[in-house]
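Notes follow the structure.
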Amino acid sequence: ASANSSRRTLEQHRRINELLETFELKDLALRKPSQLSGGQKQRAALARILASDPRLLLLDEPTRGLDSRLRVSFYEILVATRKRLQAPIVLVTHDLEECFQLAETVCLMDEGRILQSGCKNDILHKPASVQAARILGLHNLMPAKIVHLDPGRNIGRLSVPGGEIEGPYFPGHLIGDAGFACIKKTDVAVNAPSTTRSKNSLILRVLNADTSPGGVRIDFQGDISATVSEQEFRKLRDFQELSVKVDGAAVQFIGK
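Each position in the sequence shown, counted from 1, maps to that position plus 10 in this note's numbering.
The following block contains the structure:
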């Protein structure tokens, strides 16, 4: 019994030292929690949990309160933890970036209801409802009506503010159905207006332009926006209307 107890103790010490090394806490092992920084406290809390070999790990907004630099560092630790831990990890977060950096499967919830669940890429590129798309905040939702469907050629055409746009066939819908054209903001290009109109180009009135660290966000009539660099915006800012070109392959229709 004594030998077994000694082996268990040695194994525990080995496990603790391994976790201290993994979470870069070895030099801080003798400090009290009050002597640790915010990022160090987060790492120490996770190391303590893992020391017990949990069968399920629940993380509730684990990077709340950390600055952007510490967040990135902690994301790397969590990804490494996910790879080595044999138990499932459930992450609860309001941070979209955190969710899609860390998760493999996503469950999108609103007011206690599941809106959509599945592979994170499917949810990113194909939100199942207007509500899901709005929560993600990555898509333009333009009021639209189906005006043409051709399953043989895999074509669907929508009437939207400023003209018509063409995308893949919209299965399960009929000509005349009203809803929304759902287009990722990164699939929209902005140019100076031209006398010649190409497919999926709309001439839209500029409503607003806001500068942010990521560039200049331009809001147009028809509930569509796009972000351009400050250099690009300087060439466009004198126009009241601009040409907005949509990537046809990225057009999705969501019914009301």
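Glycine residues also receive a C-beta, built at the ideal position from the N, C-alpha and C atoms.
Classify residue i as buried or exposed, calling it buried when 16 or more other Cβ atoms lie within 10 Å of its own Cβ.
i, result
"Ser204", "exposed"
"Gln241", "exposed"
"Val238", "buried"
"Gly189", "buried"
"Gly224", "exposed"
"Gln45", "exposed"
"Val198", "buried"
"Thr73", "buried"
"Asn218", "exposed"
"Ser78", "exposed"
"Ser253", "buried"
"Ser211", "buried"
"Ala154", "buried"
"Glu31", "exposed"
"Asn150", "buried"
What is the residue span of the alpha helix (DSSP H) that residue i lies within?
i, result
"Lys51", "Gly48 to Leu60"
"Glu107", "Leu106 to Leu112"
"Leu246", "Glu240 to Leu246"
Measure the C-alpha to C-alpha separation of residue i and residue j and round it to an integer number of angstroms.
i, j, result
"Lys36", "Arg25", "12 Å"
"His183", "Gly147", "24 Å"
"Arg215", "Pro64", "56 Å"
"Lys266", "Ile185", "14 Å"
"Ile145", "Thr103", "13 Å"
"Leu29", "Gln22", "11 Å"
"Glu251", "Asp70", "45 Å"
"Asp248", "Val200", "14 Å"
"Gln313", "Ala57", "Residue numbering for the chain in the displayed model covers 11 to 266; residue 313 lies beyond these limits and cannot be assessed."
"Lys255", "Leu66", "47 Å"
"Ser83", "Arg53", "10 Å"
"Asp263", "Met152", "Rather than Asp, the amino acid found at residue 263 in this sequence is Phe. If you take the alpha carbons of Phe263 and Met152, they lie about 10 Å apart."
"Thr115", "Lys42", "36 Å"
"Ala143", "Val100", "22 Å"
"Asp105", "Val261", "26 Å"
Per DSSP, residue i forms a beta bridge with which residues?
i, result
"Arg123", "Asp120"
"Thr103", "None, per the DSSP bridge assignment."
"Lys194", "His149"
"Thr32", "BP columns for Thr32 are empty, so no partner."
"His23", "Beta-bridge pairing links His23 to no other residue."
"Gly189", "Ala154 and Gly265"
"Ser169", "Lys155 and Glu174"
"Gly162", "Paired residue(s): none; Gly162 is not in a bridge."
Can you tell me where the beta strand (DSSP E) with residue i in it begins and where it stops?
i, result
"Leu80", "No beta strand (DSSP E) contains Leu80, which is instead part of the alpha helix (DSSP H) from Ser78 to Arg94."
"Asn213", "The residue you asked about is not Asn; residue 213 is Ile in the sequence shown. Start and end: Ser211 to Ser222."
"Gln262", "Gln262 to Gly265"
"Asn131", "Note, Asn131: premise wrong, no beta strand (DSSP E); alpha helix (DSSP H) at Lys130 to His135."
"Glu174", "Gly173 to Gly177"
"Lys255", "Glu251 to Val256"
"Phe180", "Phe180 -> no beta strand (DSSP E), and no H or E assigned at all."
"Arg207", "It is not in any beta strand (DSSP E) - Arg207 carries neither H nor E in the DSSP assignment."
"Arg74", "Arg74 -> no beta strand (DSSP E), and no H or E assigned at all."
**Prompt:** Is the segment 134-147 touching the segment 165-174 in the sense that three or more CB pairs, one from each, lie closer than 8 Å?
**Reply:** no
**Asked** Between the segment 223-243 and the segment 192-199, do at least 3 Cβ pairs fall closer than 8 Å?
**Response** yes
**Message:** Quick test of the definition: if touching needs 3 or more C-beta pairs under 8 Å, does the segment 153-167 touch the segment 122-133?
**Reply:** no
**Message:** So, does the segment 115-124 touch the segment 84-97, judging by three or more C-beta pairs under 8 Å?
**Reply:** no
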